[in-house]
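Participant: Each residue of the sequence shown is one higher than the last, beginning at 9 in this note's numbering. Backbone N, C-alpha and C fix where the C-beta goes; we use that ideal spot for every residue, glycine too. Handing you this structure, nothing more for now.
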Amino acid sequence: MTARRGSLRRRVAVLVAGSVAVAVVLVAVLTWLVVSSQVRASLDTALDREATRVQRLVRVDADWTGEGSEQCRYAAEPACVRLVETADEVGSGTGPLQTTEAALAVARGDQLRARWTAGPVRVVAVPTRPGEAALVGVPTRQADLALARTAVALTATGGVGVVLAGLLGWAAATVGLRPVRRLDEAVRRVRDSADPHDHVDLASTSPDDELGRLAVAVDSMLVELAAADDAQRAFVADASHELRTPLTTLRTNVQLLTADRPLRPDTRAALSAALGEELAAMTRTVDDLVELAGDDRPRTAELVVEDVVAAVREAVAATSRRAPGVEVRTELPGAPVGVRVPAGRLGRLLDVVLDNAVKYGAGGAVEVRVVSGTPGDGVVVVTVTDHGVGIPADERERVFDRFHRAPAARGLPGSGLGLAIAAQVVARAGGTITAEARADGGAGTTIRLVLPAG
Numbered sequence: 009m010t011a012r013r014g015s016l017r018r019r020v021a022v023l024v025a026g027s028v029a030v031a032v033v034l035v036a037v038l039t040w041l042v043v044s045s046q047v048r049a050s051l052d053t054a055l056d057r058e059a060t061r062v063q064r065l066v067r068v069d070a071d072w073t074g075e076g077s078e079q080c081r082y083a084a085e086p087a088c089v090r091l092v093e094t095a096d097e098v099g100s101g102t103g104p105l106q107t108t109e110a111a112l113a114v115a116r117g118d119q120l121r122a123r124w125t126a127g128p129v130r131v132v133a134v135p136t137r138p139g140e141a142a143l144v145g146v147p148t149r150q151a152d153l154a155l156a157r158t159a160v161a162l163t164a165t166g167g168v169g170v171v172l173a174g175l176l177g178w179a180a181a182t183v184g185l186r187p188v189r190r191l192d193e194a195v196r197r198v199r200d201s202a203d204p205h206d207h208v209d210l211a212s213t214s215p216d217d218e219l220g221r222l223a224v225a226v227d228s229m230l231v232e233l234a235a236a237d238d239a240q241r242a243f244v245a246d247a248s249h250e251l252r253t254p255l256t257t258l259r260t261n262v263q264l265l266t267a268d269r270p271l272r273p274d275t276r277a278a279l280s281a282a283l284g285e286e287l288a289a290m291t292r293t294v295d296d297l298v299e300l301a302g303d304d305r306p307r308t309a310e311l312v313v314e315d316v317v318a319a320v321r322e323a324v325a326a327t328s329r330r331a332p333g334v335e336v337r338t339e340l341p342g343a344p345v346g347v348r349v350p351a352g353r354l355g356r357l358l359d360v361v362l363d364n365a366v367k368y369g370a371g372g373a374v375e376v377r378v379v380s381g382t383p384g385d386g387v388v389v390v391t392v393t394d395h396g397v398g399i400p401a402d403e404r405e406r407v408f409d410r411f412h413r414a415p416a417a418r419g420l421p422g423s424g425l426g427l428a429i430a431a432q433v434v435a436r437a438g439g440t441i442t443a444e445a446r447a448d449g450g451a452g453t454t455i456r457l458v459l460p461a462g
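Structural data, given as C-alpha cells:
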C-alpha cells in the first residue's frame, strides 16, 4: 500500500509538474515569437523610413549617389545606401548591398519594393529614378542582441518555472492526496484489526467532491459490513443456543438406547419414537437456519410474477390437510392477481403465515383476505387473521426476529423461525410484513403482507 501510495503521489506530481512546465514552455515560446516579430517589424519600419528619406534625397539632388559605407558597419543613421541601375549585373557591388535579381526588378519597375536579409544587414530596394533603384541597408546587430538577451531571459525564467512547477506538483500531490491517504489508513486499520466497526472520519472530507463521495461510499460499505458481521455473530449465537437443547435430548435418548442394561419393549419404542421426533424437529430447524442464512435485501432481478389468488388457495388446502379441525375462511378476488416475489417462495411465505395462525389461533377460525390496490398504489395486500390470544403491542415488531417467541407462545412447540422466514421472503420482494391487532377489536392477531403488484 505504501509503495502504491507513493507511486500515485509521484504520478500526480509528475502530471501537475509536466502540465505547468508545458505551459511555461509554451508561454516562453509564444513570448519569443511575439517579441521577435515586434523587433523585426520595428526594424523594417526604420528601414522603410530610411528608404523614403533616400528617395526624397535622390529626387531633390540629381547628383546624389549615396551615403554611408556599403559594408553597413555602423548601426547609427544614416543607413548605408547604394544605387543600382538596370544595366548592372547580379552580384556586382561589395558587402551586403550587392545587386540582386530583386533589386533589378525594382529598378525596371517590375515591383515597387523588395526586402531581404544579407548577413547582419536588413536590405530594402526602392525605386528612385527611371531605370534606377536604391539599396538601403540597416544593421540588425542591435536587434539580434536584444533578441539574444530576450532568449536568455526567457530560458532562465522558463527553467525557474519548470523547477517551481516540480515543487508545485509535489506539493499539490501531497495536499491533494491527503484525504486518499486517510481513507487508505482507515481501510488498512479495518484490514489489520478485522473489525468493520472502525469507520472513516468524514469530518475532514467534503461530500461535494469525488474524494468525499468515495469516503462516504467506503464508510457506508463498512457500516454494512459491521451490520452483516453483527447479524452473523447473532445468528451463530442464536443457532447454537437453539440446537443445544435438541442435541442434548438426542444424546440422552441415544445413550439410553445403547446402554448395557436391557429396556422393556414399550420403553425402547417410546425412546425410538422420541428420537425420531427430535431428529425431525432438528431437521426442520436446520433447514430453516439454512434458509435464513441468505441475504434478505431486495433483489429485483430475481423476482417473478405469480398469482397470489391461486397460491392462497393451494396454501389453504395444504393447511386444511395438516389441521383438519381448523376452519380457514377466504375472501379472494374472482380474477388472478399478480405479485412480484422471489421465484418459488410465495407458497412458502403463505404456508408459514397460515401455520403460525393455526398454531397460535387457539383452535379458532383463520381468515385470509387478498385486496388488490389501486393502479397507482402498485401493491397487493394479503391479511391472515387468527382468533388466538394475540400479541402484545410491544412484541409485534420483535416476533419477526430470529428465534424470538412472544411470552404467550413459549409453551407451544416451535423454534421461533417461521415469521423470520416470512419476513425475509417479503424483504427480498421489496414488500413489508407487520403484526397488528384485529380490526374489529377482538382477540387475535392479523399478519399483514404488502407485496409489489406484478
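1) For the alpha helix (DSSP H) that Glu322 lies in, which residues bound it at each end?
2) If you draw a straight line from the alpha carbon of Leu459 to that of Val366, how long is it in whole angstroms?
3) Give the secondary structure of Ala141 by DSSP, where H, G and I count as helix, E and B as strand, and everything else as coil.
4) Could you give the residue range of the beta strand (DSSP E) that holds Arg123?
5) Measure how close the beta-carbons of Val336 and Val376 come, nearest whole angstrom, since I'm counting them as under 8 Å.
6) With a threshold of 16 other CB atoms inside 10 Å of the CB of Leu432, please say whether the residue is buried or exposed.
7) With the cut-off set at 9 Å, would you say Gly352 and Asp394 are in Cβ contact?
8) In angstroms, rounded to a whole number, what distance separates the CA positions of Asp238 and Val388?
9) Closest to Val132 by CA distance: which of Asp152, Thr53, Leu358 is it?
10) Quick check: the Cα distance between Val33 and Pro128, rounded to an integer number of angstroms?
11) Taking 8 Å as the limit between beta carbons, can you name the residues of its chain near Ala180, skipping five residues before and five after?
12) Can you give me the C-alpha to C-alpha distance between Ala323 and Val378, rounded to a whole angstrom?
13) For Arg13 and Glu310, I'd like the C-alpha separation in whole angstroms.
14) Between the beta-carbon of Thr136 and the beta-carbon of Gln46, is there less than 9 Å?
15) Based on Cα-Cα distance, which residue from Gly174, Ala156, Ala223, Gly449 lies nearest to Pro187?
16) Which value, in whole angstroms, describes the spacing of the CA atoms of Val146 and Thr60?
17) Consult DSSP for Ser100 and reduce its assignment to one of helix, strand or coil.
18) Taking DSSP as the reference, what is the three-state secondary structure of Glu339?
19) Determine the DSSP secondary structure at Glu93, reduced to helix, strand or coil.
20) Can you tell me whether Val66 is buried or exposed? The criterion is at least 16 other CB atoms within 10 Å of its CB, across all chains shown.
21) Can you name, in chain order, every residue of its own chain whose Cβ lies under 6 Å from the Cβ of Leu120, other than the five neighbours on each side?
22) Cβ of Ala447 within 9 Å of Cβ of Asp385?
23) Run through DSSP, which three-state label would Glu444 get?
24) Please identify the residue among Gly371, Ala234, Val317 whose C-alpha is closest to the C-alpha of Val345.
25) Starting from Leu467 and walking both ways along the alpha helix (DSSP H), at which residues does that stretch end?
26) Exposed or buried, which one is Thr10 when buried takes at least 16 other CB atoms within 10 Å?
27) Are there 16 or more other CB atoms within 10 angstroms of the CB of Leu354, so buried, or fewer, so exposed?
28) Is Trp178 close to the ligand MG? I mean its beta-carbon at under 8 Å from any heavy atom of the ligand.
29) State the Cα-Cα distance for the pair Pro6 and Thr257, rounded to the nearest angstrom.
30) What whole-angstrom Cβ distance do Glu58 and Leu91 have, given they're in contact under 8 Å?
31) Identify which residue in Ala87, Pro332, Thr165, Ala430 has its Cα closest to the Cα of Thr39.
32) In the DSSP assignment, the alpha helix (DSSP H) including Glu109 goes from what residue to what residue?
33) So what's Ala54 in DSSP terms, helix, strand or just coil?
34) Please report the residue range of the alpha helix (DSSP H) in which Gly438 lies.
35) On a CA-only basis, which of Pro138, Thr125, Ala87 is nearest Ala70? Give me that one, please.
36) Within 9 Å of any Cβ in chain C, is that where the Cβ of Gln119 sits?
Facilitator: Looking at the atomic coordinates:
1) Where Glu322 is concerned, the enclosing alpha helix (DSSP H) starts and stops at 316 to 330.
2) If I take the Cα positions, the gap works out to 22 Å.
3) Note: Ala141 maps to strand in three-state DSSP.
4) Where Arg123 is concerned, the enclosing beta strand (DSSP E) stretches over 122 to 126.
5) Cβ atoms of Val336 and Val376 come within 8 Å of each other, at about 7 Å.
6) Contrary to the premise, residue 432 reads as Gln rather than Leu in this sequence. A buried status is given to Gln432, since no fewer than 16 other beta-carbon atoms sit within 10 Å of its beta-carbon.
7) Not closer than 9 Å, so no.
8) Taking the straight line joining both Cα atoms gives about 33 Å.
9) The candidate whose alpha carbon is nearest that of Val132 is Thr53.
10) Distance between the alpha carbons of Val33 and Pro128 is about 28 Å.
11) When the five nearest sequence neighbours on each side are left out, the beta carbons in the same chain lying within less than 8 Å of the beta carbon of Ala180 are those of Val20, Ala21, Val24, in order along the chain.
12) Going by the C-alpha atoms only, they are around 13 Å apart.
13) Residue placement at Arg13 is poorly supported in this model, since its pLDDT is 47, which falls under 50; the coordinates still yield a value, given next. When rounded, the distance between both Cα atoms is 40 Å.
14) Result no, Cβ atoms of Thr136 and Gln46 do not sit closer than 9 Å.
15) A check of alpha carbon separations from Pro187 across Gly174, Ala156, Ala223, Gly449 identifies Ala223 as the nearest.
16) Near 13 Å, if we compare the C-alpha coordinates of Thr60 and Val146.
17) Here DSSP, grouped into helix, strand and coil, assigns Ser100 to coil.
18) Note: Glu339 maps to strand in three-state DSSP.
19) In the structure shown, Glu93 sits in a strand (DSSP, three-state: E or B).
20) Result: buried.
21) Cβ neighbours of Leu120 beyond the five flanking positions: none.
22) Taking 9 Å as the cut-off, the Cβ atoms of Ala447 and Asp385 do not count as close.
23) Reduced to three states, the DSSP call for Glu444 is strand.
24) With distances taken between Cα atoms, Val345 lies closest to Val317.
25) This structure gives no information on residue 467, because the portion of the chain shown stretches from 9 to 462.
26) Only weak support is given to the placement of Thr10: the predicted model assigns it a pLDDT of 46, under 50, and the question is left unresolved by the model.
27) The residue is buried, with at least 16 neighbouring Cβ atoms inside 10 Å.
28) As presented, the structure is devoid of all ligands, the ligand MG included, so that no description of it is given.
29) Not covered by the structure: residue 6. The range shown for the chain is 9 to 462.
30) About 14 Å separates the beta carbon of Glu58 from that of Leu91, a gap too long to meet the 8 Å contact definition.
31) The option with the nearest alpha carbon to Thr39 is Thr165.
32) It spans 109 to 116 - the alpha helix (DSSP H) in which Glu109 sits, taken as one unbroken run.
33) Note: Ala54 maps to helix in three-state DSSP.
34) No residue range can be given for Gly438, since it is assigned to no alpha helix (DSSP H) and is classified by DSSP as neither H nor E.
35) The alpha carbon of Ala70 has as its nearest neighbour, out of Pro138, Thr125, Ala87, the alpha carbon of Pro138.
36) The displayed structure is made up of one protein chain only, and chain C is not part of it.
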